[in-house]
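>
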Amino acid sequence: MVKAIVGACWGDEGKGKITDLLAEDADIVIRFQGGSNAGHTIINDYGKFALHQMPSGVFNPHTVNIIGTGVAFNVPYFMKELTYLKEHGLTDPKILISDRVQLMMPYHIAFDTYEEERLSDKKFGSTKSGIAPFYADKYAKRGIQICDLFYEDVLKERIQAACDYKNVLLANLYHEPLLDAKAIYEEVLSYRDLVAPYVVNTVEYLHQALKEGKTILLEGQLGALKDPDHGIYPMTTSSSTLAGFAAVGAGIPPHAIEKVYTVAKAYSSAVGSGAFVSEIFGDEAQQLRLRGGDAGEFGATTGRPRRMGWFDCVATRYGCMLQGATDVAFTAIDVLGYLDEIPVCVGYEIDGKMTKEFPVTPLLEKAKPVLEKLPGWKEDIRGIKEYEDLPENAKRYVDFIEQQIGYPITIVSNGPKRSEILRRTPKI
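Quick note on the numbering used here: the sequence shown kicks off at 14 and runs consecutively.
Shown next, in the form of structure tokens:
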């Protein structure tokens with residue numbers, strides 16, 4: 014069976030924890046898009062980890078972890094994460110890298126920084142991880158595939174061509190030092206021996222695994238609202254965050270995907286710029302931020318305080334629709350235990366009219382939240398092992414959300430650990 018794990022909204026929903034849980038029974042976990050610009054936080058018997066490029070199945074000794082072709086692959090960051098894992102007891106994680114994955118180049122990160130500085134107050138809130146320049150090069154056919162490392166003439170030619178193009182921009186747009194193609198070639202060539210043990214034809218490997226009936230998890234980064242086609246464009250990421258792209262980014266047929274676990278958090282949070290209709294501010298936001306997650310709501314990659322908001326039924330319904338959710342995993346419900354009443358955004362008011370449809374960006378910027386308040390449970394629910402043992406108002410909250418979004422909530426988490434995940438029978 015092939016399952017995809019993706020985000021419903023802006024990211025930061027707790028996908029790493031759900032992947033870690035489901036990976037216990039998985040033969041293969043694949044990262045199918047994105048790069049080191051967002052992190053998945055996982056807490057298990059090994060400790061607490063913030064993974065960025067590494068698939069979240071690395072903690073299971075039997076699981077093969079694959080970096081798929083859709084990833085923006087940063088070799089130095091990969092080696093840093095691998096060292097980090099080994100220092101914390103994972104002596105021999107099973108990892109494969111697609112021979113067609115493209116390399117994050119040193120100049121991608123530099124160009125990301127230059128562009129944000131050029132845009133000034135109109136910047137996109139980039140993590141400056143090189144993601145947009147990387148994908149721009151990939152689709153303009155200026156990218157470097159990892160297989161090029163093993164063909165030096167090809168590598169040298171492609172780096173020279175990329176530098177020729179980029180030096181025009183550096184000289185005339187950014188007014189920054191020009192690139193030295195020879196120095197970049199030598200740096201990138203040094204990656205070869207580091208990655209050589211892991212690089213394989215993952216397409217052949219995965220299709221053989223499908224024939225053998227292996228269980229495969231496709232792990233996405235960020236969420237549906239960050240998708241460049243269907244999200245809050247242009248304040249999105251630069252690769253598709255949707256389960257529909259998982260087949261492309263992994264290299265398997267789309268009909269192979271049988272389950273799509275779409276992760277939604279019991280409240281909203283986001284890192285970066287862009288419309289956020291249910292956003293809250295000041296002390297109200299800070300209280301929720303400090304209680305969120307295991308160590309507060311701060312970006313796993315940047316450390317930036319996340320923007321906070323109430324649960325947004327409009328955005329989540331839209332995200333589940335785009336993802337093709339078969340199951341919704343509802344995370345971090347324990348965080349809300351301090352509230353007497355819990356506001357939920359059930360619609361948007363735009364130009365005096367109420368809608369439950371997620372609008373295009375120009376209208377989204379004008380939207381105001383329509384809130385409905387539900388009674389809180391005023392109780393610490395951490396440690397509860399069965400869904401039916403949750404307080405009645407906590408279960409009513411989940412029931413209400415499920416009815417509003419129209420997709421079945423089958424998993425509820427009441428804490429950051431793998432053991433704090435409850436199975437639920439949906440009511441729709």
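Note that CB positions come from ideal geometry on N, CA and C, so glycine has one too.
Would you call the CB atoms of residue 279 and residue 245 closer than 8 Å?
no
> Counting only the same chain and skipping the five closest in sequence on each side, list residues whose C-beta sits under 8 Å from that of residue 98.
The beta carbon of residue 98 sits closer than 8 Å to the beta carbons of 62, 67, 71, 106 from its chain, once the five residues preceding and following it are set aside; these are given in chain order.
> Pick from 109, 302, 427: whose alpha carbon is nearest that of residue 398?
427
> Within this structure, are the beta carbons of residue 293 and residue 15 separated by less than 8 Å?
no
> Return yes when the Cβ of residue 332 is within less than 8 Å of the Cβ of residue 17, no when it is not.
Their beta carbons are not under 8 Å apart, which means residue 17 does not touch residue 332 by this criterion.
> Sorted by chain position, which residues of the same chain lie with C-beta nearer than 6 Å to residue 47's C-beta, five sequence neighbours on each side aside?
234, 252
> Among 276, 388, 169, 390, whose alpha-carbon lies nearest the alpha-carbon of residue 343?
Looking at 276, 388, 169, 390, the one whose alpha-carbon comes closest to that of residue 343 is 276.
> Within the continuous alpha helix (DSSP H) that includes residue 262, where are the two ends?
256-263
> Any idea which residues DSSP pairs residue 54 with across the strands?
63
> Could you work out which residue in 351, 38, 242 is closest to residue 257 when comparing CA atoms only?
242
> Just to check my reading of the structure: residue 115 and residue 79 have Cβ atoms closer than 8 Å, yes? What is that Cβ distance to the nearest angstrom?
Contact between residue 115 and residue 79 is absent: CB atoms are separated by about 15 Å, not below the 8 Å threshold.
> Mind checking whether residue 389 and residue 362 have CB atoms under 8 Å apart?
Not in contact: residue 389 and residue 362 (Cβ atoms no closer than 8 Å).
> Give me the Cα-Cα distance between residue 357 and residue 90, rounded to the nearest whole angstrom.
39 Å
> Is it the case that the Cβ atoms of residue 326 and residue 422 are separated by a distance below 8 Å?
Not closer than 8 Å, so no.
> Report buried or exposed for residue 226, applying the criterion of at least 16 other Cβ atoms within 10 angstroms of its Cβ.
exposed
> Closest to residue 386 by C-alpha separation, out of 338, 392, 323, would be which residue?
Comparing Cα-Cα distances from residue 386 to each of 338, 392, 323, the minimum goes to 323.
> Would residue 36 pass as a contact of residue 230 if the rule is Cβ separation under 8 Å?
yes
> Given residue 194, which residues of its chain have a CB within under 6 Å of its CB, disregarding the five upstream and five downstream residues?
172, 173, 176
> Return yes when the Cβ of residue 56 is within less than 8 Å of the Cβ of residue 430, no when it is not.
yes
> In angstroms, rounded to a whole number, what distance separates the CA positions of residue 38 and residue 151?
34 Å
> Within 10 angstroms of the Cβ of residue 301, are there 16 or more other Cβ atoms? Answer buried if so, exposed if not.
Buried: at least 16 other Cβ atoms inside 10 Å.
> In chain order, which beta strand (DSSP E) runs of at least 3 residues are fully inside the region 402-431?
Here the runs fully enclosed are 422-426.
> Look at residue 85 and residue 144 and say whether their C-beta atoms are less than 8 Å apart.
Cβ distance < 8 Å, so residue 85 and residue 144 count as in contact.
> Restricting to Cα atoms, I'd like to know which of 296, 218, 383 is closest to residue 77.
218
> Give me the DSSP bridge partner(s) of residue 232.
18, 44
> Assign residue 12 to one of two classes, buried (16 or more other C-beta atoms within 10 Å of its C-beta) or exposed (fewer than that).
As shown, the chain starts at 14 and ends at 441. That puts residue 12 outside it, with no answer to give.
> Pick helix, strand or coil for residue 342, following the three-state DSSP scheme.
strand
> With a CB to CB cut of under 6 Å and the five nearest residues on each side skipped, what residues in its chain are close to residue 102?
59
> Here's the rule I'm using: 16 or more other beta-carbon atoms within 10 Å means buried, otherwise exposed. How should residue 163 be labelled?
In the assembly as shown, residue 163 is an exposed residue. Its beta-carbon has fewer than 16 other beta-carbons within 10 Å.
> Could you give the distance in angstroms between the alpha-carbon of residue 123 and the alpha-carbon of residue 204?
19 Å
> Cα separation between residue 5 and residue 88?
The displayed coordinates of the chain run from 14 to 441. Any statement about residue 5 would go beyond what the structure contains.
> So, helix, strand or coil for residue 78, using DSSP?
Residue 78: strand per DSSP, three-state reduction.
> Could you tell me whether the Cβ atoms of residue 228 and residue 40 are closer together than 8 Å?
In contact: residue 228 and residue 40 (Cβ atoms closer than 8 Å).
> When the Cα of residue 290 is compared with those of 209, 260, 373, which residue comes out closest?
373
> Can you tell me the Cα-Cα spacing of residue 434 and residue 96, whole angstroms?
29 Å
> Short of 8 Å in beta carbon distance, which residues of its chain neighbour residue 409, apart from the five on each side in sequence? Order them along the chain.
387, 388
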